[in-house]
Amino acid sequence: MMLPYELIILLSLLLLGYVFGRLAERRHYRSIQAREDQYRQLLVLAERHLPPEYVTSHESRLVMGNVVVSVDYFKMMIATLRNLVGGSIGAFESLLDRARREAILRMQEQAAALGTGVVIFNVKLETCRVSGDASRGVGSVEVMAYGTALYPRSNAAR
Amino acid sequence: MTPLPDGNPRVPEHINNPPQNALLEFGSLVAMVGLVMAALTLLLVLLAGFLAPHIPFRWEAAAVSDVPVSAPWPQADAALNQLADDLMASMDPPPAIPVQVRLIDMQIPNAFATLGGHVLITRGLLDSVTSENGLAMVLAHEIGHIQHRDPIAVLSRSAVIGLLWAAVTGGENFAMQTLFGQSGGLTALRFNRDMERRADQYALEMLAAHYGHVQGADEFFQAMVAHQSLADQDAGRWQALFQSHPLTRERIKALQQALPAQGEAERRPLPPALHKLTRPEGP
């Protein structure tokens with residue numbers, strides 16, 4: 114007699130991924146939104162050229178933040194199915210959205226330690242897949258944000 | 006350079022992170038892919054079932070030149086082959102595909118029909134029947150599978166399904182195969198049960214042609230029911246759904262519908278070469 118054990122295992126993994134993945138995502142978004150409010154005044158710009166007045170009055174330093182987020186089984190399953198029929202993979206879009214914003218927040222956190230009046234210029238983002246063989250098992254993604262933080266010379270004691 | 010902004014903008018959540026119902030998306034994806042896969046599978050299965058009987062038997066026989074098991078009882082093999090030949094000769098017209106029978110040393114009572122017209126009978130099966138008629142029913146059933154080209158049909162079917170799944174999933178995606186393979190498997194098994202019923206029907210006709218009656222046709226199945234554990238008998242519906250063979254009791258019922266009209270008729274004893282191999286009244 115053959116029972117669909119494999120099906121039961123699969124459904125449990127899906128349920129596990131869905132419930133915990135969803136919980137983690139919600140909690141993460143709440144934390145991201147709160148911290149974005151906190152760092153609202155710590156400017157993050159993609160501008161490459163520094164304003165002339167900053168060049169004489171400010172010092173510069175590289176700041177960066179990086180984060181690794183894992184895909185849950187449910188998201189991976191949706192993505193696998195999407196691969197067959199095409200279309201945007203919403204499950205991965207929110208995952209990468211979280212990772213990017215988290216990386217920027219960590220970069221801002223590092224810049225905030227430089228004192229008040231900090232502005233981060235020339236912000237860039239790098240994305241990379243972390244787990245080896247993505248066709249098997251759950252993959253995870255790394256996002257790194259980096260930029261040039263300018264802070265007033267008066268803070269330079271640090 | 007333009008003056009610096011007052012602060013970072015508030016990120017609009019609905020652009021890069023569109024609100025969505027993941028479960029709904031998952032469900033519709035499964036339904037979409039599942040429907041297409043089921044349709045393709047069904048098409049290929051029908052195609053394979055339709056084409057397989059037209060594969061020339063000598064190709065099949067050439068592919069499997071010999072059964073790779075030893076023959077521990079040549080005399081018993083000869084008796085079994087004689088019985089198979091007699092059964093086939095009694096049909097009008099006699100079946101076209103030659104059958105080779107071999108007794109193998111296994112205690113589990115079973116019989117298989119495989120490629121190349123080979124029928125394997127386990128030694129344990131000899132203990133499960135009390136007369137030649139009971140044995141002939143099993144033999145005729147397997148001969149039926151071979152005359153219907155069932156082994157090659159099953160092989161071609163699993164081959165095309167395997168190819169389809171490998172093409173879609175890249176050959177190694179366990180999760181996808183599990184998700185859709187189960188439903189595909191159910192359809193495939195369903196056809197297998199049809200094959201079983203057809204072979205049973207064929208065997209009854211063969212028995213009637215050879216002995217003039219079908220007494221003893223249910224011997225083997227009755228023995229199976231008697232040996233089945235209590236738990237197995239209670240497994241009921243689930244078993245019927247997932248088993249490749251029709252439930253033993255379902256088959257007995259079908260056989261017994263053929264029996265009563267025949268009345269009580271004499272059953273022949275097992276041929277001596279085979280009777281020697283049965284165990285003296287086991288538990």
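Chains A and B, in that order, are what the protein sequence lines are.
For the first sequence, the working numbering assigns the number 114 to the initial residue and increments by one for each residue that follows.
For the second sequence, the working numbering assigns the number 6 to the initial residue and increments by one for each residue that follows.
We put the beta carbon where it would ideally sit given N, CA and C, even for glycine.
Computed from a predicted model, the values in this text were never measured in an experiment.
Residue pairing for ALA118 of chain B: DSSP places it in a beta bridge opposite B:VAL124. With respect to LEU275 of chain B, LEU144 of chain B sits apart: the two C-beta atoms are not nearer than 9 Å. Taking each of B:ALA278, B:GLN261, B:GLN220 and B:MET142 in turn and checking the Cα distance to ARG272 of chain B, the smallest one comes out for B:GLN220. Across the segment 194-210 of chain A, CB contacts with chain B closer than 8 Å involve LEU194, ARG195, LEU197, VAL198, GLY203, ALA204, GLU206, SER207 and ASP210, in sequence order along the chain. For LEU52 of chain B, the uninterrupted alpha helix (DSSP H) segment begins and ends at 27-56.
Contact with chain A is absent for ALA172 of chain B, since none of that chain's Cβ atoms lies less than 9 Å from the residue's Cβ. Around PRO10 of chain B, the beta-carbon contacts reaching into chain A at under 9 Å are LEU156 and LEU158. ARG63 of chain B has its alpha-carbon roughly 47 Å from the corresponding atom of ILE191 of chain A.
Residue pairing by DSSP puts SER253 of chain A in a beta bridge opposite A:SER183. Interface with chain A (9 Å Cβ-Cβ cutoff): MET200 of chain B is excluded. With three or more CB-CB distances shorter than 8 Å, the segment 127-139 of chain A counts as touching the segment 176-187 of chain A. For GLN87 of chain B, the enclosing alpha helix (DSSP H) has its first and last residue at 79-94.
Close to VAL232 of chain A, with beta-carbon spacing below 8 Å, are these residues of chain B in chain order: LEU9. Going by beta carbons, MET211 of chain B and MET96 of chain B fall inside the 9 Å limit.
At the C-beta level, VAL134 of chain B and GLY122 of chain B stay beyond 9 Å of one another. Within the model, the alpha-carbon separation for ALA83 of chain B versus VAL198 of chain A is close to 58 Å. By the criterion of at least three beta-carbon pairs nearer than 8 Å, the segment 102-121 of chain B is in contact with the segment 141-157 of chain B. Residue environment for THR253 of chain B: buried (at least 16 other C-beta atoms within 10 angstroms of its C-beta). Look at the beta carbons and you see the segment 212-225 of chain A touching the segment 167-178 of chain A: at least three pairs across the two are nearer than 8 Å. Neighbours of ARG214 of chain A in chain B, taken as residues at a C-beta separation under 8 Å, are given in chain order as VAL16. Of all residues in the segment 19-47 of chain B, those with a C-beta nearer than 8 Å to a C-beta of chain A are ASN21, ASN22, PRO23, GLN25, ALA27, LEU28, GLU30, PHE31, LEU34, VAL35, MET37 and VAL38, reading in chain order. GLU201 of chain B is positioned such that its CB atom lies no closer than 9 Å to that of ASN138 of chain B. At the C-beta level, ASN26 of chain B and GLN154 of chain A stay beyond 9 Å of one another.
If you draw a 10 Å sphere on the C-beta of ASP155 of chain B, you find 16 or more other C-beta atoms in it, and that means buried. Taken through DSSP and simplified to helix, strand or coil, VAL157 of chain A comes out as strand. Residues of chain A whose Cβ lies closer than 9 Å to the Cβ of ASN138 of chain B do not exist; the shortest such Cβ separation is about 29 Å.
Among the residues of chain B, those whose CB is under 7 Å from the CB of ARG153 of chain A are GLY12 and ASN13, following chain order.
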